[in-house]
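Notes follow once the structure below has been shown.
Numbering (the numbering used here), first residue to last: 131 to 618.
Right, dumping it as structure tokens:
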């Protein structure tokens, strides 16, 4: 009986399953379009609410800390947190107002009051200089307006935030049946990822904004504190925000006829700070917490920026990370979630090519997983953290075969790019520690062990009897003279 008749239901069901997947994808696309339109239409309400949701996740530990240390009720702890938040908003508003006064009488929205003289070091013609100043003139009011709008929405955000923080205390205080079906696990994963992102982003953005503000103040740039604050806010927009933050002081420097050296320092120092803090330190702290491809982040910036403007760009990355986490928990959308993630570093696996004194090579037949079950391989296993290849192979041979080996030089490696994560298999030459010992499968990973010659091994590779990753390693097997000699 052939495989088609045995698995007839599966074969016949494939078109139906494919049709269902296509229908599901189409419905998701339609739902995305409809949701985007609704979010844009309700942006005046949804923007403060979205900000409040992420702030509530970030401030929940503060409220819990106040409640635990002062033994106050949660509403009182939330009230104290709200007062601190309102105080911070008032300080920010005062800083912005004072910094804008430092710019002087320059009105970037009025062409008559902002006509910077073309500096001598500018290489282009007058027409290029005029085009540049006009572009900057149109850009600056937008950023000032965005900052003012952001501060004006602070009261609405605080109101939403207060109710969300109080509600968190109520939901934590009672059990939820959702924990029985895995919903609580997904919710906990989302909350932990958002917490990590917000805490790391606030820390790195605050350090970046402070250093940039101090650097611009030392150079003598007017409104240096304002540019430091804008750097802090714009750093929440991946890549694009950092570039904009570096370029923001240019209009003020142009209006003050700054020298070429001052312009270079005002661009170079903040750029270096952004690179060190954002690209090195921040990436190290975040690690793979969000695991989003650069293309996904870029599309998210465009999509959420179109719907909610600058605030949407600020929230684009955590929103996409939350959506990816939710899709990972749903079987239909799990492949899409994997496509959104980065490949990540490969899993390191070691294998030993054990050759006896008579030139025979030890191989074992796999029982699992399904894609390599029944295939023969050079035994080995996954390289653990802070473990050398020799220690890994000795351990794996004892666990799987009850067999002692002496590991020698590295032979070569092969790579699997497909699958959920990439995998690299590295082979090492080895000899039996005791030629009289017998290798016997012990843990169910293998069901048979065999000693074969080099010619037989090559024939097995040609017939497809070896595991795919082991086939390229056959050509790396050394001569007997280069094998390690076991210690006595």
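Yeah, the Cβ is synthetic: ideal placement off N, Cα and C, and Gly gets one too. Predicted model only: the values in this text are computed from it and were never measured.
Cross-strand partners of residue i (DSSP beta bridge)
i	result
residue 622	Beyond the ends of the chain as shown, which are 131 and 618, falls residue 622; an answer cannot be given.
residue 485	491
residue 511	480
residue 517	None; residue 517 has no bridge partner.
residue 596	506
residue 496	576
The alpha helix (DSSP H) enclosing residue i, as first and last residue numbers
i	result
residue 619	No answer is possible for residue 619: the residues shown for the chain start at 131 and end at 618.
residue 584	584 to 592
residue 191	173 to 200
residue 395	390 to 404
residue 620	Outside the shown range of the chain, which is 131 to 618, sits residue 620, and nothing can be said about it.
Whole-Å CB distance - residue i paired with residue j, under 8 Å assumed
i	j	result
residue 508	residue 603	7 Å
residue 225	residue 359	6 Å
residue 512	residue 477	6 Å
residue 492	residue 502	So it is not a contact: roughly 17 Å between Cβ atoms.
residue 403	residue 494	In fact, because the Cβ distance is near 55 Å, the residues do not count as touching under 8 Å.
residue 294	residue 182	6 Å
Residue i to residue j span [Cα, whole Å]
i	j	result
residue 532	residue 546	28 Å
residue 422	residue 608	42 Å
residue 520	residue 153	51 Å
residue 376	residue 510	51 Å
residue 162	residue 443	17 Å
residue 165	residue 156	14 Å
residue 498	residue 451	33 Å
residue 542	residue 516	21 Å
residue 455	residue 429	17 Å
residue 567	residue 522	20 Å
residue 211	residue 186	11 Å
residue 336	residue 397	19 Å
residue 579	residue 471	39 Å
residue 558	residue 576	20 Å
residue 540	residue 556	8 Å
residue 467	residue 368	20 Å
residue 446	residue 203	34 Å
residue 394	residue 514	48 Å
residue 351	residue 439	28 Å
residue 496	residue 505	6 Å
residue 289	residue 332	22 Å
Assigned secondary structure, residue i (DSSP; H/G/I helix, E/B strand, else coil)
i	result
residue 554	strand
residue 579	strand
residue 204	helix
residue 423	coil
residue 471	coil
residue 525	helix
residue 542	strand
residue 603	helix
residue 570	coil
residue 408	helix
residue 152	helix
residue 350	coil
residue 289	helix
residue 334	helix
residue 239	Confidence at residue 239 is low in this model, with a pLDDT of 49, below 50, so the placement of that residue should be treated as unreliable; the coordinate-derived value is given next. In this structure, residue 239 counts as coil in the three-state DSSP scheme.
Residue i Cβ short of 7 Å to the ligand ZN heavy atom set
i	result
residue 389	Absence of the ligand ZN is noted for the structure shown, with no ligands found whatsoever.
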